[in-house]
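Q: In our numbering, the protein residues as written are 6 to 338.
#1: Report yes if the C-beta distance between residue 93 and residue 179 is below 7 angstroms; otherwise report no.
#2: Which residue comes first and which comes last in the alpha helix (DSSP H) that contains residue 284?
#3: If residue 78 sits next to residue 174, beta carbons under 8 angstroms apart, how far is it from one beta carbon to the other, in whole angstroms?
#4: Quick one: which unbroken alpha helix (DSSP H) runs of 4-plus residues sit fully inside the segment 295-323? Chain order, please.
#5: Determine the extent of the alpha helix (DSSP H) in which residue 216 is found, giving its start and end residues.
#6: What does a CB cutoff of less than 8 angstroms around residue 312 pick up in its chain, not counting 5 residues either side in sequence?
#7: Measure the C-alpha to C-alpha separation of residue 21 and residue 81 and round it to an integer number of angstroms.
#8: Do residue 219 and residue 197 count as a contact pair if the criterion is CB distance below 7 angstroms?
#9: For a quick check, are the C-beta atoms of residue 203 and residue 302 less than 7 angstroms apart?
#10: Within the same chain, show all residues whose beta-carbon is closer than 8 angstroms to that of residue 39, passing over the 5 residues directly before and after it, in chain order.
#11: Here's the rule: buried if 16 or more other CB atoms are within 10 angstroms of the residue's CB, otherwise exposed. What is residue 274?
#12: What separation, rounded to the nearest whole angstrom, lies between the Cα atoms of residue 16 and residue 160?
#13: Quick one: what's got a C-beta closer than 8 angstroms to residue 339's C-beta in the same chain, skipping five residues either side?
#14: Would DSSP call residue 177 helix, strand or coil?
#15: Go ahead and label residue 67 buried or exposed: buried means 16 or more other beta carbons lie within 10 angstroms of its beta carbon, across all protein chains shown.
#16: At what residues does the alpha helix (DSSP H) containing residue 133 begin and finish?
#17: Once you ignore the five residues that flank residue 130 on each side, which residues in its own chain have a CB closer than 6 angstroms to its CB?
#18: Does the separation of the CB atoms of residue 261 and residue 172 fall below 7 angstroms?
#19: Do the CB positions of residue 74 and residue 142 come within less than 7 angstroms of each other?
#20: With DSSP as the reference, please indicate the residues paired to residue 61 in a beta bridge.
#21: Where do the N-terminal and C-terminal ends of the alpha helix (DSSP H) with residue 197 fall, by residue?
#22: How about residue 314 and residue 293: do their beta carbons lie closer than 7 angstroms?
#23: Where DSSP assigns a beta bridge to residue 183, which residues make up the other side?
#24: Go ahead and label residue 296 buried or exposed: buried means 16 or more other beta carbons lie within 10 angstroms of its beta carbon, across all protein chains shown.
#25: In angstroms with no decimal places, state the Cα-to-Cα distance between residue 276 and residue 299.
#26: Distance check for residue 138 and residue 145, CA to CA, integer angstroms please.
#27: Determine the direct distance from the alpha carbon of residue 109 to that of residue 87, and round the result to whole angstroms.
#28: I want to see whether chain B comes within less than 7 angstroms of residue 65, judged by CB atoms only; does it?
#29: Using the Cα positions of residue 59 and residue 140, report the straight-line distance between them to the nearest angstrom.
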C-alpha cells in the first residue's frame, strides 16, 4: 500500500499523464504541419509512411521546462507503469503482448473486469513526450544512468517488504511475492496457455482438454478469480482424489510465495483441481479412464480418442511416471 506522500506523487503524475494523453489524442500539444495540396499529389496515398513525426508545440515545451525534475521523473515512472500494466493485461488472455500507451480509464476497467480491453490501446503518441521529458532532464545535467536509477523510485521511495522471503523456499522475493491479497497478478505472470504446460505427462498437447481449461479460466460471463483458484487448490482435499502420488505438501492461504513455488503448486494440484472443477462446475459425465492416462500419446493427435476417454488420471499401463512435458515435446516434434 502506498504511503500518503507516495499516493500524492502517484495521483499527481497519473493525472498529468492522463491529461497529456488526452491532449495528444486531440492534437493540442503538437505543432500544426503544412499539408501538401495540388494536382501533383496523386501519389500521396503511397507516401503515408513518409509523414514526419509530430513535433511538440512551444507552449507545451515551456510547460515541461517549468516543472521540477522530480515531478518529471514521476511522470516517466507512471507512464512506464501504465505501459507495463497494459502489457500484463494483454498477456493475461492472449499469447501475445501488445506494446501500447494505455488509456488509464480503459485500463482500470480492464483490470476491474479481469479481462483484456482493446480500448487500452488507443494512444500512440506518448513516445515523443517521453523523449522530450528526458531531454529536459538531461539539459539539467541528469544523465541517462541517473534516470534509470531515479525513475523507478520516483514515486515509491521506501517500499515495505522489499526483503521479504518466500514462505516455501525462503528466497528473497520482496514485492514480487504472491498471496491471496494480490493473486490477481498471477493472471499476467502465468497466462492460461502457460499453465497447461505444468500439467503432467503430455496433457498440454491434448487440444480438447486444453480448450476446456482455457474456456473455463477465461470465461467472462461467469468469471473465476485468481484468488478463488488459489484458495481452492490450496484447500483441495488430496486424500479424496485419485491422485495419491501427488505431494501432500502443506500450502497455506496465509503465506506468500515466489512465482517458482506457485508453479510448483500448479504442478502438484492443477490436475486434481481441474478434474474436480470439471465434474462439479461443468457437470462432466464420468468417462472410462484411458489405460495410459496423462501419458497417452494418442490423445495428442486423435481428437476422437481425446474426447472419448478420460485422460485426467494416472497411467495403469506403459510408462507410469509423469513424463517431463519439455522432454516429451522434443521427442514428439
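We put the CB at the ideal spot given by N, CA and C, even for glycine.
A: Checking against the coordinates, here is how it stands:
#1: The count along the chain shown starts at 1 and reaches residue 93 at position 88. The count along the chain shown starts at 1 and reaches residue 179 at position 174. No, the Cβ-Cβ distance between residue 93 and residue 179 is not below 7 angstroms.
#2: Locating residue 284 in the chain shown gives position 279, counting from the first residue. Taken as a continuous stretch (DSSP letters only), the alpha helix (DSSP H) holding residue 284 covers 264-286.
#3: Translated into the one-based positions of the chain shown, residue 78 becomes position 73. Translated into the one-based positions of the chain shown, residue 174 becomes position 169. With 8 angstroms as the limit, residue 78 and residue 174 do not qualify as a contact, their Cβ atoms being about 35 angstroms apart.
#4: Correct list: 308-313.
#5: Stepping through the chain shown from its first residue, residue 216 is reached at position 211. Here the alpha helix (DSSP H) through residue 216 covers 212-222.
#6: One-based indexing of the chain shown puts residue 312 at position 307. Hits under 8 angstroms: 213.
#7: In the chain shown, counting from the first residue as 1, residue 21 sits at position 16. In the chain shown, counting from the first residue as 1, residue 81 sits at position 76. The straight-line gap from Cα to Cα measures roughly 11 angstroms.
#8: On the chain shown, position 192 is the one that residue 197 refers to. On the chain shown, position 214 is the one that residue 219 refers to. In contact: residue 197 and residue 219 (Cβ atoms closer than 7 angstroms).
#9: Here residue 203 corresponds to residue number 198 of the chain shown, with the count starting at 1. Here residue 302 corresponds to residue number 297 of the chain shown, with the count starting at 1. Between residue 203 and residue 302, the C-beta spacing is not below 7 angstroms.
#10: Here residue 39 refers to the residue found at position 34 when the chain shown is read from its first residue. Here residue 39 scores only 42 on pLDDT, less than 50, and its place in the model should not be relied on; the value that follows carries that caveat. Contacts found: none.
#11: Along the chain shown, one-based indexing puts residue 274 at 269. If you draw a 10 Å sphere on the C-beta of residue 274, you find 16 or more other C-beta atoms in it, and that means buried.
#12: Along the chain shown, read from residue 1 onward, the residue named residue 16 stands at position 11. Along the chain shown, read from residue 1 onward, the residue named residue 160 stands at position 155. Between residue 16 and residue 160, the C-alpha separation is close to 10 angstroms.
#13: The question about residue 339 has no answer, for the chain in this structure spans 6 to 338.
#14: Position 172 of the chain shown holds residue 177. Reduced to three states, the DSSP call for residue 177 is strand.
#15: Position 62 of the chain shown holds residue 67. Per the 10 Å Cβ criterion, exposed.
#16: For this step, residue 133 is matched to residue 128 along the chain shown. In the DSSP annotation of this structure, the continuous segment of the alpha helix (DSSP H) that includes residue 133 starts and ends at 132-144.
#17: By 1-based counting over the chain shown, the position of residue 130 is 125. Closer than 6 angstroms at the Cβ level, and outside the excluded window around residue 130, lie 29.
#18: Locating residue 261 in the chain shown gives position 256, counting from the first residue. Locating residue 172 in the chain shown gives position 167, counting from the first residue. Taking a C-beta distance under 7 angstroms as the contact criterion, residue 261 and residue 172 qualify as a contact pair.
#19: Counting from one through the chain shown, the residue named residue 74 turns up at place 69. Counting from one through the chain shown, the residue named residue 142 turns up at place 137. Yes. Within cutoff.
#20: The sequence position of residue 61 within the chain shown is 56, counting from 1. According to the DSSP secondary-structure assignment, residue 61 is paired through a beta bridge with 35.
#21: Walking along the chain shown from the start, residue 197 turns up at place 192. That run of the alpha helix (DSSP H) goes 197-200.
#22: On the chain shown, position 309 is the one that residue 314 refers to. On the chain shown, position 288 is the one that residue 293 refers to. Yes.
#23: By 1-based counting over the chain shown, the position of residue 183 is 178. Beta-bridge analysis with DSSP links residue 183 to 262.
#24: Taking the chain shown and counting its residues from 1, one reaches residue 296 at position 291. If you draw a 10 Å sphere on the C-beta of residue 296, you find fewer than 16 other C-beta atoms in it, and that means exposed.
#25: The count along the chain shown starts at 1 and reaches residue 276 at position 271. The count along the chain shown starts at 1 and reaches residue 299 at position 294. Their backbone Cα atoms lie some 10 angstroms apart in a straight line.
#26: Here residue 145 refers to the residue found at position 140 when the chain shown is read from its first residue. Here residue 138 refers to the residue found at position 133 when the chain shown is read from its first residue. Rounded to whole angstroms, residue 145 to residue 138 spans 11 angstroms at the Cα level.
#27: For the purposes of this step, residue 87 is taken as the residue at position 82 of the chain shown. For the purposes of this step, residue 109 is taken as the residue at position 104 of the chain shown. Distance between the alpha carbons of residue 87 and residue 109: 7 angstroms.
#28: No chain B appears in this structure, which consists of one protein chain only.
#29: Here residue 59 corresponds to residue number 54 of the chain shown, with the count starting at 1. Here residue 140 corresponds to residue number 135 of the chain shown, with the count starting at 1. Residue 59 and residue 140 have their C-alpha atoms some 16 angstroms from each other.
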